[in-house]
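Asks: In our numbering, each residue carries its 1-based index in the sequence shown increased by 107.
Ideal placement from N, C-alpha and C gives every residue a C-beta, glycine not left out.
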Amino acid sequence: MKSLSIASLCTVLTVFVVTFVVTAVDSIGTAYSGINISLLMASVAAIVAIVVVIAWALPLHYVLKKLERQEFHWYLLAAVVPSVIFIYGFKPFGQDSSVDLMKQTLFCSICGLIGATVFWYVAVYRTRIKRSSKDALTRAA
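1) Distance check for Phe-226 and Leu-147, CA to CA, integer angstroms please.
2) Can you name the start and end residues of the alpha helix (DSSP H) that Thr-137 belongs to?
3) Under three-state DSSP, which class holds Asp-207?
4) Please state if the CB of Val-124 and the CB of Ala-153 are separated by a distance shorter than 7 angstroms.
5) With distances taken between CB atoms, is the gap from Ala-185 to Ser-110 smaller than 7 angstroms?
6) Closer than 6 angstroms by C-beta to Ser-115: which residues in its own chain qualify, once you throw out the five before and the five after it? Chain order, please.
7) Are the beta-carbon atoms of Leu-220 and Leu-183 separated by less than 7 angstroms?
8) Which residues in the same chain as Ile-144 place their Cβ atom closer than 8 angstroms to its Cβ, once the five residues preceding and following it in sequence are excluded?
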């Protein structure tokens with residue numbers, strides 16, 4: 108349970124940092140440049156990430172664990188689904204053209220893939236390393 112809490116927190120912080128950096132760099136030289144806009148966008152992205160982690164990632168993690176399907180590619184595949192639903196279902200940035208919706212979906216998917224990588228590493232891979240090192244110590248004793 109501790110590793111899931113840490114994985115969830117790391118995922119949300121990663122999404123915050125990625126969104127902050129991308130919006131800060133993207134807004135340089137525009138009318139919307141400034142750290143305040145980037146912080147606002149990153150905060151909104153972090154709130155969305157919290158909702159996605161609670162409503163999607165954690166239940167899916169338990170299902171994958173029960174089915175013994177905790178390979179990395181399952182987590183990456185699962186990360187794309189909320190991005191598509193979020194952009195096409197809710198249209199959070201207004202009634203945009205299909206090209207703009209694809210760009211938004213691509214950005215949200217990349218953030219989701221990075222977040223899923225962090226979540227998988229902390230919740231699955233790192234716990235495997237700890238478990239295997241404990242097993243090696245007990246076998247050596």
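Replies: Considering the structure as presented:
1) Mapped onto the sequence shown, residue 147 falls at position 40. Mapped onto the sequence shown, residue 226 falls at position 119. Taking the CA atoms as reference points, Leu-147 sits about 24 angstroms from Phe-226.
2) Reading the sequence shown from its first residue, position 30 is the one you call residue 137. Counting along the chain, Thr-137 falls outside any alpha helix (DSSP H), and DSSP gives it neither H nor E.
3) Counting from 1 along the sequence shown, the entry for residue 207 is found at position 100. DSSP places Asp-207 in helix when its eight states are reduced to three.
4) By 1-based counting over the sequence shown, the position of residue 153 is 46. By 1-based counting over the sequence shown, the position of residue 124 is 17. No, the Cβ-Cβ distance between Ala-153 and Val-124 is not below 7 angstroms.
5) Within the sequence shown, the letter at position 78 stands for residue 185. Within the sequence shown, the letter at position 3 stands for residue 110. No, they are not a contact pair.
6) Position 8 of the sequence shown, counted from the start, is the residue given in the question as residue 115. Counting only Cβ-Cβ distances below 6 angstroms, and skipping sequence neighbours, we find Val-160.
7) Locating residue 220 in the sequence shown gives position 113, where the first residue counts as 1. Locating residue 183 in the sequence shown gives position 76, where the first residue counts as 1. Leu-220 places its beta carbon less than 7 angstroms from that of Leu-183.
8) Sequence index remark: in the sequence shown, residue 144 carries index 37 (1-based). Once the five neighbours on either side are set aside, the close Cβ partners of Ile-144 are Thr-130, Ser-134.
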